[in-house]
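Written below as structure tokens is the structure these notes are about.
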Amino acid sequence: MTLNLYDTMSRAKRPFAPKDPGRVTLYVCGPTVYNYAHIGNFRPVVVFDLLFRVLRDLYGADAVLYAANVTDVDDKINRKAAEEGVPIATISGRYLDAYNADAAALGALPPTFQPRVTETMDAIVKMIGDLVGQNAAYPAEGHVLFDTQAFADYGKLSGRPMDEMIAGARVEVAPYKRHPADFVLWKPSKPGEPVWESPWGPGRPGWHIECTAMIEAVLGLPIDIHGGGIDLVFPHHENELAQGVCAGHGRDYAHVWMHNGFLNMSDEKMSKSVGNVALAHDLLGEYPGEAIRWALLAGHYRQPLEWTGELIGQAKSALDRLYRALDDSGRFLAGAPTSARASGGEHRGGVMAYDAVQAALQDDLNTPLAFAGLFQLSDHLRSAIMGKDVAGVERCRALLLEAAQLMGFLTADPGAWFQGGADDDLKAKVEALIAERLTARAEKNWPEADRIRDALVALNVEVMDGPTGATWRIKEQA
RNA sequence: GGCCUGAUGGCGGAGUGGUUACGCACCGGACUGCAAAUCCGUGCACCCGGGUUCGAUUCCCGGUCAGGCCUCCA
Numbered sequence: 289m290t291l292n293l294y295d296t297m298s299r300a301k302r303p304f305a306p307k308d309p310g311r312v313t314l315y316v317c318g319p320t321v322y323n324y325a326h327i328g329n330f331r332p333v334v335v336f337d338l339l340f341r342v343l344r345d346l347y348g349a350d351a352v353l354y355a356a357n358v359t360d361v362d363d364k365i366n367r368k369a370a371e372e373g374v375p376i377a378t379i380s381g382r383y384l385d386a387y388n389a390d391a392a393a394l395g396a397l398p399p400t401f402q403p404r405v406t407e408t409m410d411a412i413v414k415m416i417g418d419l420v421g422q423n424a425a426y427p428a429e430g431h432v433l434f435d436t437q438a439f440a441d442y443g444k445l446s447g448r449p450m451d452e453m454i455a456g457a458r459v460e461v462a463p464y465k466r467h468p469a470d471f472v473l474w475k476p477s478k479p480g481e482p483v484w485e486s487p488w489g490p491g492r493p494g495w496h497i498e499c500t501a502m503i504e505a506v507l508g509l510p511i512d513i514h515g516g517g518i519d520l521v522f523p524h525h526e527n528e529l530a531q532g533v534c535a536g537h538g539r540d541y542a543h544v545w546m547h548n549g550f551l552n553m554s555d556e557k558m559s560k561s562v563g564n565v566a567l568a569h570d571l572l573g574e575y576p577g578e579a580i581r582w583a584l585l586a587g588h589y590r591q592p593l594e595w596t597g598e599l600i601g602q603a604k605s606a607l608d609r610l611y612r613a614l615d616d617s618g619r620f621l622a623g624a625p626t627s628a629r630a631s632g633g634e635h636r637g638g639v640m641a642y643d644a645v646q647a648a649l650q651d652d653l654n655t656p657l658a659f660a661g662l663f664q665l666s667d668h669l670r671s672a673i674m675g676k677d678v679a680g681v682e683r684c685r686a687l688l689l690e691a692a693q694l695m696g697f698l699t700a701d702p703g704a705w706f707q708g709g710a711d712d713d714l715k716a717k718v719e720a721l722i723a724e725r726l727t728a729r730a731e732k733n734w735p736e737a738d739r740i741r742d743a744l745v746a747l748n749v750e751v752m753d754g755p756t757g758a759t760w761r762i763k764e765q766a
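With this note's numbering applied, the first sequence covers 289 to 766.
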């Protein structure tokens with residue numbers, strides 16, 4: 289089985305072949321840490337985390353190097369630091385911690401590297417120097433600018449011929465630019481802003497050069513896969529590519545360019561300029577991380593995604609179904625005679641469904657199709673339970689867990705999933721009521737049994753009578 | 001103006017040149033004291049108009065609609 293990925297540069301899905309299967313490199317543009325990140329910022333986090341997992345599955349966990357940078361030099365950070373009267377590191381540190389915590393709650397594995405601009409400044413300055421040395425950049429009035437004329441392929445990634453872009457009236461051309469499309473590599477800091485030393489005078493780096501320098505410093509160029517949001521194709525990735533190639537004497541930059549589609553909210557683009565942002569941080573207080581992760585992966589990663597409450601609700605219900613199968617099978621196995629458990633054996637349908645999940649993911653991360661495989665697996669698990677096939681239940685349960693966890697799902701204990709919102713106090717209360725109800729039911733005292741269920745409903749708890757007793761769960765908030 | 005996506009049932013959303021996955025929701029039945037879950041079953045979904053074809057939702061052309069990008073927003 290081979291991994292196929294859609295490459296923005298060639299506009300085609302193609303087989304993925306890393307330069308060195310023992311050292312697969314992935315870089316994704318990360319956040320600017322000046323505030324809590326909104327949910328749209330986490331789409332690439334979840335998408336490329338999934339890719340990270342698939343790559344690890346294919347090449348081995350140690351063979352995949354994943355770098356996701358952090359921009360901690362930025363105007364918005366400066367502003368916030370000035371407002372609070374603290375150093376920028378206080379601001380960036382605070383929101384980086386929150387960002388990492390939210391990413392973890394969404395089931396994202398920590399990247400291998402998380403380089404920061406402030407820690408990569410030497411490499412950035414050096415790369416600018418290399419570009420000047422290659423005549424691909426020029427100093428002007430305290431700035432250093434990239435000379436887009438030096439890169440013949442400029443515009444190729446985004447499919448924008450240079451002349452057309454100049455025609456666009458929105459470009460404001462600074463007088464010191466040789467060409468309107470030239471962009472800043474280094475600029476002077478404004479009074480009061482953080483400053484770093486450079487051969488061209490004190491100042492700070494431009495946005496684009498940061499990523500290129502961090503990739504070079506952390507992974508080394510060229511890399512196998514470069515990822516990010518579709519909105520970064522131009523100018524950010526176009527500029528990265530130009531910088532990387534020109535600084536590196538015509539070498540490749542990235543073999544595959546991958547871009548996730550935009551996340552929209554209520555017909556309005558989810559960006560920091562719009563007021564109605566939904567912070568992942570807040571959403572995680574209302575929904576389990578896995579449900580949000582599921583919602584983010586509900587459509588193909590290259591398609592736009594409409595972010596609605598209904599979407600998350602459907603995601604939660606879909607996951608409930610899987611967790612119920614897990615829960616029921618666990619209960620079945622707990623009650624099964626131990627002698628029957630050693631029989632082992634393979635389960636043909638289960639293995640096929642597992643393979644389907646894997647194949648779907650390897651086909652350019654087709655998550656909706658992979659979800660279908662997960663449900664197929666849970667159906668096999670169900671019928672094994674119905675058929676009292678202990679070995680089949682064990683096998684299918686293991687396959688379901690393995691397939692789901694490859695995608696970052698079913699990592700919770702089913703009990704915790706359904707009763708997650710309950711504290712110990714509530715749990716004790718519920719258990720006591722259920723015990724009372726069990727007695728009433730044994731005496732066929734239905735009015736009393738129903739009264740107790742109503743009492744439980746009042747506690748936002750739903751009871752489910754089973755052959756071996758009752759189970760319960762926290763009801764959905766209506 | 002330039003470039004580029006997309007249009008599939010009540011909702012979300014894959015896929016395919018020839019019985020329209022999957023999930024959510026709904027409806028009928030089984031099971032259940034009731035309920036939930038589970039199981040069985042039903043639902044005339046592929047934007048419009050041409051073309052290619054024995055046959056198109058799938059390929060080609062045109063149109064309509066929606067959305068994105070065009071210098072620092074993932």
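No residue lacks a Cβ here, since even glycine has one placed at the ideal position from N, Cα and C.
The three-state reading of DSSP puts residue 589 in coil, since its state is none of H, G, I, E or B. The Cβ atoms of residue 547 and residue 527 lie no closer than 8 Å to each other. In the three-state reduction of the DSSP assignment, residue 297 falls in the coil class, being assigned neither a helical nor a strand state. The shortest CA-to-CA distance from residue 530 to any of 469, 339, 590 and 584 is the one to 469.
DSSP lists 314 as the bridge partner or partners of residue 354.
In this chain, the beta strand (DSSP E) harbouring residue 762 covers 757-762.
Annotation for residue 552: the continuous beta strand (DSSP E) segment containing it runs 551-553. The continuous alpha helix (DSSP H) containing residue 504 extends over residues 495-506. Around the beta-carbon of residue 757, fewer than 16 other beta-carbon atoms lie within 10 Å, marking it exposed. Residue 650 is classed as buried because its beta carbon has at least 16 other beta carbons within 10 Å across all chains shown. In this structure, the beta-carbon distance from residue 296 to residue 445 falls below 8 Å. Between residue 614 and residue 392, the alpha-carbon positions lie close to 23 Å from each other. Boundaries of the beta strand (DSSP E) around residue 473: 471-475. Pairing residue 717 with residue 700, the inter-Cα distance amounts to about 23 Å.
For secondary structure counted as the alpha helix (DSSP H) over 4 or more consecutive residues, the stretch 624-703 holds these complete runs in sequence order: 626-629, 636-650, 655-674 and 678-694.
Taking the CA atoms as reference points, residue 389 sits about 28 Å from residue 612. Listed in chain order, the beta strand (DSSP E) runs fully inside the stretch 352-438 are 352-356, 425-428 and 431-434, counting runs of at least 3 residues. A distance below 8 Å between beta-carbons, with the five flanking residues on each side excluded, links residue 761 to the following residues of its chain, in chain order: 706, 707, 749, 750 and 752.
DSSP, reduced to helix, strand and coil, places residue 547 within a strand of the structure shown. Excluding five sequence positions before and after residue 610, the CB atoms of its chain that fall closer than 8 Å to its own CB belong to 662, 663, 666, 688, 692, 697 and 698, given in chain order. Of the candidates 406, 763 and 293, 293 places its Cα closest to the Cα of residue 340. In this structure, 590 is the residue among 759, 732 and 590 with its C-alpha nearest to the C-alpha of residue 655. For residue 569, the enclosing alpha helix (DSSP H) covers residues 568-574.
Per DSSP, the continuous alpha helix (DSSP H) segment holding residue 724 begins and ends at 712-730. Residue 380 is positioned such that its CB atom lies no closer than 8 Å to that of residue 363. Our two residues, residue 683 and residue 618, have alpha carbons roughly 12 Å apart in a direct line.
The three-state secondary structure of residue 483, taken from DSSP, is coil. If you look at residue 333, you'll find it isn't in any beta strand (DSSP E); it sits in the alpha helix (DSSP H) that goes 330-347. In the DSSP assignment, residue 751 falls within the beta strand (DSSP E) that extends over 749-754.
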